[in-house]
Amino acid sequence: MHTALLLEMASDAAPDRVILGELASGVTLAEAQARAKAAAAWFGKQAGETVVYLGLNSPYLPVAVFASGLIGKPFAPINYRLSDEELRKLLARTAPSVALVDDDMLPRAQGVEGVQLLASSEFHRICDDATLQAEELPFADPDIGVLLFTSGTTGEPKAAVLRHRNLTSYVISTVEFLGSDEHEAALVSVPPYHIAGVSAILTGVYGGRRIVHMPAFTPEGWVGLAAQEKISHAMVVPTMMGRILDVVEARGENLPHLKALSYGGGRMPQVVIERALKLLPHVDFVNAYGLTETSSTIAVLGPEDHRIAIASSDPDVRRRLGSVGKPLPTLELEIRGPNGEVLGANQSGEIYVRGDQVSGEYLSKKVIGDDGWFPTNDGGWMDNDGYLYVEGRLDDVIVRGGENMSPGEIEDVLRAHPNVADVAVLGVPDNEWGEKVAAVLVVKNGRPTTDELAAFVKAQLRSSKTPEIWEFREVLPYNDTGKLLRRVLKAELCKAAGALARA
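If you're matching positions, the sequence shown starts at 50 in the numbering used here and goes up one per residue.
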């Protein structure tokens, strides 16, 4: 099964249902299907083997996704926030390709060998061409559905391969066909090159939920659009959530039409989700943990889990707000030790996952094992009730004197301090211990002393987990999908430590 069949099925069953844009004037499923056929007919005549998307969210983004599936060419959305040099480098890696580019971004993409540029304005004309819509498309037996370049937080971006069978397996196993009410609407504010942006298109169309795209995120714009379009469902990354809550609280806006708000893409501070549950008690919150290489979500902490945890005085139940819930029933998930051994409850190791939606491969190499198990490179553990706790990337684990420490555990403690607005914990090289624990903080309401902060951590954790290096910043570096750029901080701290050693 391929992704374009999702749109074809929905269009055949409910052609007049509005699926993109405003309810009163948006694009119906039948219109979306016609546009996708026209675009596919045009793409099929071009030499490019890949359809690249370089632009903001728009109602034509889903058309491009399904058109590429119809004609059997991989769809590759790329990050428009990259520097011009990085952008052109990434474009060159897609060649030979046809690149659909927002008009104002065209100058940045000119002259890359093997990349044919198509302006968004011209693409709109192609999609509405009745003669192209009427053309018979050649049979395509597509394999690769989407190529997603990873964020490159630990090095050069890798091209993750998501095959049609991976993507459709995820959609069909998690969404009821046309199960959404025709008045429901999903606000998509994550960028097109994020796996959540791709999955929102596929699940929205198959489930029949109208998709409202936000070209670029601002918290004020998000709250305003959610109220204006009577948004019922949305997904945000953790950094977005806190900023949205600030606007909601300042405006006294409780978003009465919002039924469900999912979050993922990074670690959610417990204080933020607790605040969200108090400010928006009528909303069903869902923590969705997944990876690009798994076609999106692999574990979910559902609405009832959130409500039970926030109301509980049992610390074991309460801490579930910091978990990502339980694995999807269509998947297998294990925690494994350094030698590949399966670990029991409450033991930390690497998260492995297996299932039809799991790709676990890149254009350059295949990471998934012959037995179908994919090592995620995320550390974590499961409690006695099967709730999964993600500790972060294994590359980020601090090793001090042979002891492995999770930065997230120390960060959670520091975030609970009344003067800490944001924090990043990481390890820096040390001749005696291997690594020292360092904390980089953004403070509020005055700067606490390092002695005060150290005592605060020691009161809750072992003294070995107390940071020895403290640094204060105005802001921490995040990429535009909300991931903390630890490698940037680590490089800066290591450089500073080296300069001090030479002094």
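For every residue, glycine included, the Cβ atom is placed at its ideal position computed from N, Cα and C. Remember, it's a predicted structure, so these values are computed and weren't measured experimentally.
On the DSSP letters alone, give me the boundaries of the alpha helix (DSSP H) that residue i sits inside.
i	result
lysine 138	133 to 143
glutamine 319	319 to 328
threonine 217	213 to 223
arginine 259	Not the alpha helix (DSSP H): arginine 259 falls in the beta strand (DSSP E), residues 259 to 262.
serine 146	Note, serine 146: premise wrong, no alpha helix (DSSP H); beta strand (DSSP E) at 146 to 150.
aspartate 529	Where aspartate 529 is concerned, there is no enclosing alpha helix (DSSP H), given that its DSSP letter is neither H nor E.
proline 111	109 to 120
leucine 298	The amino acid at residue 298 is misidentified as leucine; the sequence shows glutamate. It spans 287 to 300 - the alpha helix (DSSP H) in which glutamate 298 sits, taken as one unbroken run.
serine 248	244 to 256
valine 239	Here valine 239 belongs to no alpha helix (DSSP H), and DSSP marks it neither H nor E.
alanine 265	No alpha helix (DSSP H) holds alanine 265; DSSP gives it neither H nor E.
proline 456	456 to 464
arginine 84	78 to 93
alanine 62	53 to 62
Checking 8 angstroms against the spacing of the C-beta atoms, do residue i and residue j come in under that value?
i	j	result
proline 111	isoleucine 280	no
valine 297	valine 272	yes
glycine 531	methionine 284	no
alanine 473	glutamate 452	no
aspartate 444	proline 456	no
isoleucine 120	alanine 89	yes
valine 100	lysine 86	no
leucine 236	phenylalanine 198	no
glycine 428	glutamate 440	yes
leucine 49	alanine 168	Any property of residue 49 remains undetermined from this structure, which presents the chain solely from 50 to 552.
tryptophan 482	arginine 511	no
proline 287	proline 240	no
leucine 294	alanine 325	yes
tryptophan 430	glutamine 396	yes
phenylalanine 521	histidine 466	no
alanine 394	valine 373	no
glutamate 554	proline 424	For the chain, the structure presents residues 50 to 552; residue 554 sits outside this window and is missing.
aspartate 529	arginine 157	no
glycine 118	alanine 209	no
alanine 113	phenylalanine 124	yes
Hey, how far is the Cα of residue i from the Cα of residue j?
i	j	result
proline 330	tyrosine 438	24 angstroms
alanine 81	tryptophan 91	15 angstroms
serine 413	leucine 211	13 angstroms
proline 554	lysine 308	In the structure as shown, the chain begins at 50 and stops at 552. Residue 554 is therefore absent and cannot be evaluated.
leucine 549	leucine 196	At leucine 549 the pLDDT is 43, less than 50, meaning the model places this residue with poor confidence; the figure from the coordinates comes in the next sentence. For leucine 549 and leucine 196, the distance between alpha carbons rounds to 44 angstroms.
arginine 316	glutamate 57	36 angstroms
alanine 63	alanine 73	17 angstroms
proline 378	leucine 490	39 angstroms
isoleucine 221	valine 492	45 angstroms
glutamate 278	proline 108	15 angstroms
methionine 50	alanine 249	18 angstroms
leucine 463	proline 516	10 angstroms
asparagine 303	leucine 328	7 angstroms
arginine 536	isoleucine 384	25 angstroms
leucine 538	tyrosine 219	35 angstroms
asparagine 336	glutamate 162	42 angstroms
threonine 203	arginine 442	The predicted model places threonine 203 with a pLDDT of 49, which falls under 50 and marks its position as unreliable; any figure quoted below should be read in that light. Each residue's Cα considered, the two are about 10 angstroms apart.
methionine 263	glutamate 269	12 angstroms
leucine 274	alanine 189	38 angstroms
leucine 534	isoleucine 127	19 angstroms
leucine 55	tyrosine 255	5 angstroms
tyrosine 436	alanine 508	26 angstroms
glutamate 205	glutamate 135	10 angstroms
serine 170	histidine 232	30 angstroms
From which residue to which residue does the beta strand (DSSP E) around residue i run?
i	result
aspartate 333	333 to 340
isoleucine 347	345 to 350
valine 446	Premise fails: valine 446 is in no beta strand (DSSP E) and is neither H nor E.
leucine 437	437 to 442
serine 311	309 to 312
alanine 73	Unbroken run through alanine 73: none, as it is neither H nor E.
isoleucine 518	518 to 521
proline 126	124 to 126
tyrosine 102	99 to 103
Throw me the rounded Cβ distance for the residue i and residue j pair, which I believe falls under 8 angstroms.
i	j	result
glycine 104	leucine 166	Actually they are not in contact, since the Cβ atoms of glycine 104 and leucine 166 sit about 12 angstroms apart, beyond 8 angstroms.
glutamate 381	arginine 356	No, glutamate 381 and arginine 356 are not in contact; Cβ-Cβ is about 28 angstroms, not under 8 angstroms.
valine 251	glutamate 323	The identity of residue 251 in the sequence shown is leucine, whereas the question assumes valine. Contact doesn't hold; Cβ gap of about 32 angstroms is too wide.
alanine 96	leucine 227	Wrong, their Cβ atoms sit about 37 angstroms apart, outside the cutoff.
alanine 191	histidine 213	A quick correction: the sequence has proline, not alanine, at residue 191. 5 angstroms between Cβ atoms; contact.
serine 344	asparagine 215	5 angstroms
Just to check, is the beta-carbon of residue i closer than 7 angstroms to a non-hydrogen atom of the ligand GTP?
i	result
leucine 533	Inclusion of the ligand GTP in the displayed structure is not the case, the ligand content being empty and no account of it being possible.
From the beta carbon of residue i, is the nearest beta carbon of chain C less than 8 angstroms away?
i	result
histidine 355	Annotation note: the requested chain C is absent from the structure, which comprises a single protein chain.
**Report entry** Those runs of the beta strand (DSSP E) which lie wholly inside the segment 342 to 424 and span at least 3 residues
**Finding:** 345 to 350, 381 to 385, 398 to 403
Report task. May I have a chain-ordered list of the beta strand (DSSP E) segments no shorter than 3 residues that lie completely inside the segment 154 to 192? Result -> 164 to 168
Query raised in the report: What runs of the alpha helix (DSSP H), each 4 residues or longer, lie entirely inside the segment 467 to 513?
Result: 499 to 507
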